[in-house]
Amino acid sequence: MKKEFLKTALVLFGLSLSSTAALAQAPGPKQGYWNVEAVPGKQKFSVVRFYNPQNQLVYEEKMEGIFLDMTRKSTIKLLNNSLQQVVNNSIVTSQLKSSYAKK
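Position one of the sequence shown corresponds to residue 1 (the working numbering), numbered consecutively onward.
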């Protein structure tokens, strides 16, 4: 009886691991993504990094004296809008560079 219980428990454990791994694999971002490092306290600051879909850092800014509250929807909306501007600017810049490099 104990052997059957252990076998069942091991099978269920194995299935739970495989399903967890499948959930963790999400498709990559279409327009890029942002990352925020916010440090509270006396020397509070926030670092915002924007990445393109190829996981390349496009822009980084350190804001001294500002602690971004990531629980606010307005902060997330602002970061998403900024991401679009940064990525679009990066696309235009790379197109201009390649255009002038050909001449």
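Where a beta carbon is used, it is the ideal one built from N, C-alpha and C, also for glycine. Quick caveat, the model's predicted, so the values are computed rather than measured.
Exercise for the section: Could you pull out every residue in the same chain whose Cβ sits closer than 8 Å to the Cβ of Met-70, ignoring the five residues on either side in sequence? Expected result: Numbered from 1 along the sequence shown, position 70 holds the residue referred to as residue 70. The residues are Val-36, Ala-38 and Ile-76.
Practice task
Pick out whichever of Lys-3, Glu-60 and Asn-55 has its Cα sitting closest to the Cα of Ser-110.
Solution key: Nothing can be reported for residue 110: it is not among the residues displayed for the chain, which extend from 1 to 103.
Problem - Met-63 - partner residues in DSSP beta bridges - result: Residue mapping note: residue 63 aligns to position 63 of the sequence shown, counting from 1. Met-63 pairs with Ser-46.
Exercise for the section: Please report how far the alpha carbon of Gly-41 lies from the alpha carbon of Val-86, in whole angstroms. Expected result: Sequence index remark: in the sequence shown, residue 41 carries index 41 (1-based). Sequence index remark: in the sequence shown, residue 86 carries index 86 (1-based). Spanning the two alpha carbons is a distance of roughly 29 Å.
Practice task
Reducing DSSP to helix, strand and coil, say where Leu-68 ends up.
Solution key: Position 68 of the sequence shown, counted from the start, is the residue given in the question as residue 68. Looking at Leu-68 - three-state DSSP - the assignment turns out to be coil, as it is neither helix nor strand.
Practice task
Give a yes or no on whether the C-beta atoms belonging to Val-48 and Leu-79 are separated by under 8 Å.
Solution key: By 1-based counting over the sequence shown, the position of residue 48 is 48. By 1-based counting over the sequence shown, the position of residue 79 is 79. For Val-48 and Leu-79, yes; Cβs fall inside 8 Å.
Handout entry: For Asn-55, three-class secondary structure by DSSP
Key = As a working note, residue 55 is residue 55 in the sequence shown. Note: Asn-55 maps to coil in three-state DSSP.
Exercise for the section: Give me the Cα-Cα distance between Val-58 and Phe-50, rounded to the nearest whole angstrom. Expected result: Here residue 58 corresponds to residue number 58 of the sequence shown, with the count starting at 1. Here residue 50 corresponds to residue number 50 of the sequence shown, with the count starting at 1. Spanning the two alpha carbons is a distance of roughly 6 Å.
Handout entry: Span separating the alpha-carbon of Phe-67 from that of Leu-83
Key = Walking along the sequence shown from the start, residue 67 turns up at place 67. Walking along the sequence shown from the start, residue 83 turns up at place 83. For Phe-67 and Leu-83, the distance between alpha carbons rounds to 19 Å.
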